[in-house]
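Down below is the structure, laid out as structure tokens.
Numbering (this note's numbering), first residue to last: -16 to 362.
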């Protein structure tokens, strides 16, 4: 059993509730940094060495907390455990989607994705530091502000810390049956802009070229490229275009989310999307974007890390199946660097990004003990 005492689930839930009640949308750096301040203060008081990287491009700060020199017997390469504090929920969401506990479920915006997991990582490290528990390697905790939009400001720091780590642990939400993640799809994000020719929809209809009609045809073309058997999917949303019913729209556009199982699929689909041509010669089509997260491929080193995690989970008292997941995470970046990465180590629950978002709060203490055990024993 892990040596670290992590406390009761009831007590962990009380503290996590404070995190959930601090709304932290990705696009509000002041709000994100309020929670970053709390985490930084607690970790500093426990003895962590802090590096706080100022936010840029409208995002919050990135916090890196390290165990003090001399912690960890096996040399310089640490264990990196990384989570994000941003959520998809706007400030004000709590007014009609309040934090609440309903039996075995605790509800609230961002509680499942991924405040519970980030809190557990924070609490595991804080407990190890406070109790001066010996670990086999140094530990680095990273908390980031922008994962929900692809980690544009924090990716360089994730890759910097990941490249120097022996192992990477990602406490994103656990999957069905409490499963962790040993592989993920890669993710691409693209924007399409269509310029047509505006006109009066009555007296000048024939003079116009509808950008919305062109967009509709492009969306159908994109949908026809989805290959479920191969695992290549594309989702178009949001879409926009036009101004009034009596005006032939002169411009329209959309966003495209691409998911692929392999790097080769990503390169192929990126080439296809960027080379799309308009159907109507009177329209001009502009597409920008790229693959954002490389695929997270299962490897022998990742499977060995999973077997270690499976054994620790068994000691704590729960089963830890593994799964492939279509969604991306910051683990995609570190796995693509060849660093053994295990993901989906957060709290079981459901409803990420939707109004019934919740965790099974009685799993908090077992999951905290599990993470502490991983940090204690990985060598």
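Virtual Cβ for every residue (Gly too), placed ideally from N, Cα, C.
Q) In the structure shown, what three-state DSSP assignment does residue 208 receive? A) Position 225 of the chain shown holds residue 208. Three-state DSSP puts residue 208 in coil, outside helix and strand.
Q. Opposite residue 177 in the DSSP bridges: which residues?
A. Stepping through the chain shown from its first residue, residue 177 is reached at position 194. DSSP lists 235 and 268 as the bridge partner or partners of residue 177.
Q.
Could you tell me the alpha carbon to alpha carbon distance between residue 267 and residue 234, rounded to whole angstroms?
A. In the chain shown, residue 267 corresponds to position 284, counting from 1. In the chain shown, residue 234 corresponds to position 251, counting from 1. C-alpha separation (whole angstroms): 9 angstroms.
Q: Using alpha carbons as the reference points, say which of 221, 260 and 122 lies closest to residue 50.
A: Translated into the one-based positions of the chain shown, residue 50 becomes position 67. If we check each option's Cα against that of residue 50, 122 comes out closest.
Q) Is residue 40 helix, strand or coil by DSSP? A) By 1-based counting over the chain shown, the position of residue 40 is 57. Of the three classes helix, strand and coil, the one that applies to residue 40 here is coil, per DSSP.
Q. Helix, strand or coil for residue 256 per DSSP?
A. As a working mapping, residue 256 is identified with position 273 in the chain shown. Three-state DSSP puts residue 256 in a helix.
Q. How many angstroms separate the CA atom of residue 137 from the CA atom of residue 129?
A. Start at 1 with the first residue of the chain shown, and residue 137 comes out as number 154. Start at 1 with the first residue of the chain shown, and residue 129 comes out as number 146. Cα to Cα, the separation comes out at about 7 angstroms.
Q: Thinking residue 188 and residue 230 are a contact (beta carbons under 8 angstroms), I'd like their distance in whole angstroms, please.
A: Counted from its first residue, the chain shown places residue 188 at position 205. Counted from its first residue, the chain shown places residue 230 at position 247. In this structure, residue 188 and residue 230 do not form a Cβ contact; the two beta carbons are roughly 10 angstroms apart against a cut-off of 8 angstroms.
Q.
Give me, in chain order, the residues of the same chain whose beta-carbon lies closer than 7 angstroms to that of residue 334; leave out the 5 immediate sequence neighbours on both sides.
A. Position 351 of the chain shown holds residue 334. Hits under 7 angstroms: 95, 340 and 341.
Q: Check whether the region 319 to 334 touches the region 150 to 161, counting contact only when three or more Cβ pairs, one atom from each stretch, lie closer than 8 angstroms.
A: Short answer: they touch.
Q | Alpha carbon of residue 300 to alpha carbon of residue 245, nearest angstrom | A | Position 317 of the chain shown, counted from the start, is the residue given in the question as residue 300. Position 262 of the chain shown, counted from the start, is the residue given in the question as residue 245. It is roughly 35 angstroms from the alpha-carbon of residue 300 to the alpha-carbon of residue 245.
**Q.** Buried or exposed by the 16-neighbour rule on C-beta atoms within 10 Å, applied to residue 102
**A.** Residue mapping note: residue 102 aligns to position 119 of the chain shown, counting from 1. The C-beta of residue 102 has 16 or more other C-beta atoms within 10 Å across all chains shown, which makes the residue buried.
Q. Where DSSP assigns a beta bridge to residue 72, which residues make up the other side?
A. Taking the chain shown and counting its residues from 1, the one referred to as residue 72 is at position 89. Here residue 72 is not bridged, per DSSP, to any residue.
Q: Take the Cβ of residue 73 as the centre, count every other Cβ of all protein chains shown within 10 Å, and call the residue buried at 16 or more, exposed below.
A: In the chain shown, residue 73 corresponds to position 90, counting from 1. Flag for residue 73 reads exposed.
Q.
For residue 316 and residue 142, which I take to be in contact (beta-carbon distance under 8 angstroms), what is that distance rounded to the nearest angstrom?
A. Locating residue 316 in the chain shown gives position 333, counting from the first residue. Locating residue 142 in the chain shown gives position 159, counting from the first residue. Yes, they are in contact, since the Cβ atoms of residue 316 and residue 142 sit about 5 angstroms apart, within 8 angstroms.
Q. For residue 90, is the classification buried or exposed, using 16 other Cβ atoms within 10 angstroms of its Cβ as the cut-off for buried?
A. Your numbering for residue 90 matches position 107 in the chain shown. So residue 90 ends up on the buried side.
Q) Run through DSSP, which three-state label would residue 9 get? A) Along the chain shown, read from residue 1 onward, the residue named residue 9 stands at position 26. In this structure, residue 9 counts as coil in the three-state DSSP scheme.
Q | Where residue 108 falls: helix, strand or coil (DSSP) | A | The residue given as residue 108 occupies position 125 in the chain shown. Helix at residue 108.
Q) So, residue 44 versus residue 11, is the Cβ gap smaller than 8 angstroms? A) One-based indexing of the chain shown puts residue 44 at position 61. One-based indexing of the chain shown puts residue 11 at position 28. No, the pair does not count as a contact, with Cβ atoms beyond the cut-off.
Q) Less than 8 angstroms separating the beta-carbons of residue 243 and residue 168? A) In the chain shown, counting from the first residue as 1, residue 243 sits at position 260. In the chain shown, counting from the first residue as 1, residue 168 sits at position 185. The Cβ atoms of residue 243 and residue 168 sit closer than 8 angstroms to each other.
Q) In whole angstroms, what is the alpha-carbon distance linking residue 274 and residue 257? A) Residue numbering aside, residue 274 sits at position 291 when the chain shown is read from its first letter. Residue numbering aside, residue 257 sits at position 274 when the chain shown is read from its first letter. Residue 274 and residue 257 have their C-alpha atoms some 11 angstroms from each other.
Q: Label residue 356 either buried or exposed according to how many other C-beta atoms from any shown protein chain fall within 10 Å of its C-beta, with 16 as the threshold for buried.
A: Along the chain shown, read from residue 1 onward, the residue named residue 356 stands at position 373. So residue 356 ends up on the buried side.
Q. Among 220, 22, 200 and 69, which one has its Cα closest to the Cα of residue 124?
A. The count along the chain shown starts at 1 and reaches residue 124 at position 141. Of the candidates 220, 22, 200 and 69, 22 places its Cα closest to the Cα of residue 124.
Q.
Quick check on DSSP: helix, strand or coil for residue 132?
A. As a position in the chain shown, residue 132 is number 149, starting the count at 1. It is helical.
Q. Since residue 181 and residue 265 are thought to touch, with beta carbons under 8 angstroms apart, how far apart are those beta carbons, to the nearest angstrom?
A. Here residue 181 is taken as the residue at index 198 of the chain shown, counted from 1. Here residue 265 is taken as the residue at index 282 of the chain shown, counted from 1. With 8 angstroms as the limit, residue 181 and residue 265 do not qualify as a contact, their Cβ atoms being about 11 angstroms apart.
Q: Put residue 219 into one of helix, strand or coil per three-state DSSP.
A: Counted from its first residue, the chain shown places residue 219 at position 236. Strand.
Q) Which word fits residue 87, buried or exposed, when buried means at least 16 other C-beta atoms lie within 10 angstroms of its C-beta? A) Your numbering for residue 87 matches position 104 in the chain shown. When all chains shown are included, residue 87 counts as exposed.
(Q) Closest to residue 303 by C-alpha separation, out of 212, 134 and 286, would be which residue? (A) In the chain shown, the residue the question calls residue 303 occupies position 320. For the residues 212, 134 and 286, the minimum Cα distance to residue 303 belongs to 286.
Q) residue 35 by DSSP, collapsed to three states: which one? A) The residue labelled residue 35 in the question sits at position 52 within the chain shown. Three-state DSSP puts residue 35 in a strand.
Q | Beta-bridge partners of residue 85, as assigned by DSSP | A | What you label residue 85 is simply residue 102 of the chain shown in a count that begins at 1. Residue 85 has 88 as its beta-bridge partners, per DSSP.
Q. Going straight from the alpha carbon of residue 348 to that of residue 292, what length do you get?
A. Position 365 of the chain shown holds residue 348. Position 309 of the chain shown holds residue 292. Roughly 16 angstroms separates the two Cα atoms.
Q.
Whole angstroms are fine: how far does the CA of residue 183 sit from the CA of residue 276?
A. By one-based count along the chain shown, residue 276 stands at place 293. By one-based count along the chain shown, residue 183 stands at place 200. Approximately 43 angstroms between the Cα atoms of the pair.
Q. What's the C-alpha gap between residue 164 and residue 305?
A. For the purposes of this step, residue 164 is taken as the residue at position 181 of the chain shown. For the purposes of this step, residue 305 is taken as the residue at position 322 of the chain shown. Cα-Cα distance, rounded: 6 angstroms.
Q. For residue 5, which option in 117, 14 and -2 has the closest C-alpha, if you only look at C-alpha atoms?
A. As a working mapping, residue 5 is identified with position 22 in the chain shown. Comparing Cα-Cα distances from residue 5 to each of 117, 14 and -2, the minimum goes to 14.
Q | Bridge-paired residues (DSSP) for residue 273 | A | Numbered from 1 along the chain shown, position 290 holds the residue referred to as residue 273. The partner list for residue 273 (beta bridge, DSSP) reads 172.
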